[in-house]
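Note sheet for the following structure.
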Amino acid sequence: MLRLALLVCLLAAACKGDKPSPSKQPSGGSQAPAPVAASTCGKAVAKGPIAWFEDDYAAALACAKEQKKPLVIDMWAPWCHTCISMQTTVFLDPSLKEIADKYVWVALDTDREENAAAVGKLSRSAMPTFYVIGPDEAVLSRFVGAATVAQFKEFLDAGTRAMIGGTDAGDAHLTTAQRALAKGDLESAESELVAALETAPTAWIRRQEAIYTLQMTKQKRGDTKGCVDLSEQYMPQVGQTAIATNFWAAAFECAGQLAKDAKGEAARAAKVREDAVKRLAAVLDDQEAPLSVDDRVEGLGYLRDAQDELGKKAEAKATAERAKKIVDDATANAKTPFEKMTFIWPRADIYAYLGKPLDLVADYEALAAQLPKEYDPPARLGWLYMKAGKLAEAATWTDKAIALAYGPRKARVLAQRAEIAAAAKDRDAEKKYRTEVVKLWESLPEGQKSADSLAKAQAALAAIDAPEKK
């Protein structure tokens, strides 16, 4: 569902040319460096208004303990466009300067092996995922996906309130839910989220966050009817931010699944889907809605897919053309090559949908040259060539990405290489790469292992030798 990349689904700095990978440069910017404390806190690197620890959870936690401050954890990956969007917009907002020193900040590239132990302590339902934890590692606040500056500040404030014991009933239940989610306890989380919405005042500032988190929890538990019930109840109450666009996309998906699963629900499901699409379109038409370029393009992607599914092909194509104009302009106006990576996947998806994947080749080759240590530009080039049926070129660029990729993301790039081999009807090569995917998932450290991903990789490998059905 979500282009947030569910279940795989933070942060690197704006960079130039062949500077180190952005995984070593969280939240870049041109502001003057902020002062950084000595001793254990001396590893933090000032980028814009925030001083970040970079892929060093142990040092960041030691600093938080030394200074008795909450620790903000930013779980990101270079392939995650929303992660990069947050970095190049929200995290550079000057208003964060006045509060940044109240916290210790660490950015963890979730695919890097050195972060596996830390990442394994905290659940991720999508990317990016943010946490505020105490010096004792207790979860104080959690936020998933794109946030406005105001929402991100409230997420931080909620962590502070939880640490000092200044929460009201709604906040307390939400914090307990977030602790349960961090452990993967969906049942307890759902109970606490329901309690939060029942006890908090109507004007509770975190209501939209709690509603969307409850919807995601129900969906992840496979409670399709519960997801639709919730969507109907709260459809008008989720505002105009990225939370709202994600909520309506999930409502559309849940309703579609309900129509397939339950007899007699077709009319109800159709009404929910119609309402979700109508509300989504209205927010995307509102130029004053607090959506970043990335949020708006992602929302248009949801709308396009919904229109396609409803058989409105002409409308879907028009929506794709609209998104193309926005993302092309944003790419042209990006200040750094790294900022352009925000749009590398959305552009690829849109151009492929419109039947023009090769139109991006020159741009992406230039970006790959500007960011020679990044795996995502060559990986996307390989994907574009594969979509265009240029399999030799697809293999060449994907091989380059494999050489640069690491951790769980490398498994995805290897799987792409297997798909290219399958398209070329090269059974031996496909088997080779499917085998490598399985071995990689088996070799990953705790915190990065995924039983579900391993099972899918094993099934894909076994399918190569399975007898063809007649």
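Residue numbering for the sequence shown follows the numbering used here, starting at 5 and increasing by one per position.
For each residue, glycine too, the CB sits at the ideal point set by N, CA and C.
What you are looking at is a predicted structure, and each value in this text was computed from that prediction instead of being measured.
Can you say whether residue i is buried or exposed, counting buried as having 16 or more other CB atoms within 10 angstroms of its CB?
| i | result |
| --- | --- |
| Glu117 | exposed |
| Pro240 | exposed |
| Asn250 | buried |
| Ile168 | exposed |
| Gln219 | buried |
| Asp299 | buried |
| Arg210 | buried |
| Gly170 | exposed |
| Ala425 | buried |
| Lys267 | exposed |
| Lys264 | exposed |
| Ser296 | buried |
| Arg431 | exposed |
| Pro39 | No answer about Pro39 holds up, because its pLDDT of 48 lies below 50 and its placement is not dependable. |
| Pro82 | buried |
| Asp289 | exposed |
| Ser447 | exposed |
| Glu434 | buried |
| Asp113 | buried |
| Ala352 | buried |
Is the separation between the beta-carbon of residue i and that of residue j shorter than 8 Å?
| i | j | result |
| --- | --- | --- |
| Tyr61 | Val108 | no |
| Pro53 | Val136 | no |
| Leu458 | Arg438 | no |
| Asp97 | Pro132 | no |
| Ala255 | Ala273 | no |
| Gly149 | Ala130 | yes |
| Asp115 | Gly359 | no |
| Gln223 | Val242 | no |
| Ala320 | Asp312 | yes |
| Thr93 | Cys67 | no |
| Leu314 | Ala285 | no |
| Thr179 | Leu126 | no |
| Ala280 | Gly305 | no |
| Pro294 | Thr86 | no |
| Ala461 | Val442 | yes |
| Gly124 | Gly451 | yes |
| Val276 | Glu236 | yes |
| Phe492 | Lys47 | What the structure shows of the chain is the stretch from 5 to 474, and residue 492 is not part of that stretch, so it cannot be assessed. |
Does DSSP classify residue i as helix, strand or coil?
| i | result |
| --- | --- |
| Gln29 | With a pLDDT of only 40 at Gln29, under 50, the local geometry of the prediction cannot be trusted, and the value read off the model is given with reservation. Note: Gln29 maps to coil in three-state DSSP. |
| Ala130 | coil |
| Arg146 | strand |
| Lys453 | coil |
| Tyr437 | helix |
| Ala392 | coil |
| Tyr368 | helix |
| Ala338 | coil |
| Tyr379 | coil |
| Ser34 | With a pLDDT of only 36 at Ser34, under 50, the local geometry of the prediction cannot be trusted, and the value read off the model is given with reservation. Ser34 falls in the coil class under three-state DSSP. |
| Lys157 | helix |
| Ile209 | coil |
| Ala271 | helix |
| Val331 | helix |
| Gly163 | helix |
| Cys84 | coil |
| Arg225 | coil |
| Gly260 | helix |
| Leu362 | helix |
| Gly138 | coil |
| Gly315 | coil |
| Pro39 | Residue placement at Pro39 is flagged as unreliable, the pLDDT there being 48, under the threshold of 50; the coordinate-derived value follows with that caveat. Coil, per DSSP. |
| Leu458 | helix |
| Leu295 | coil |
| Asp469 | helix |
| Gly170 | coil |
| Val242 | coil |
| Thr44 | helix |
| Lys414 | helix |
| Ala254 | helix |
| Ala151 | coil |
| Thr203 | helix |
| Asp175 | helix |
Determine which residues share a DSSP beta bridge with residue i and list them.
| i | result |
| --- | --- |
| Lys51 | Ile54 |
| Met79 | Leu112 and Thr133 |
**Three or more C-beta pairs below 8 Å linking the region 224 to 235 and the region 200 to 209** = They do not touch, by the three-pair rule.
**Message:** Any contact between the region 344 to 363 and the region 380 to 389? By contact I mean 3 or more CB pairs, one from each, below 8 Å.
**Reply:** These segments touch.
**Message:** For the structure I just gave you, are there three or more beta carbon pairs, one from the region 328 to 347 and one from the region 385 to 392, closer than 8 Å?
**Reply:** No, because fewer than three Cβ pairs between the region 328 to 347 and the region 385 to 392 fall closer than 8 Å, the two stretches do not touch.
**Message:** Assess contact between the region 85 to 102 and the region 363 to 372, defined as three or more Cβ pairs (one per stretch) separated by less than 8 Å. Is contact present?
**Reply:** Flag = no, the region 85 to 102 and the region 363 to 372 do not touch.
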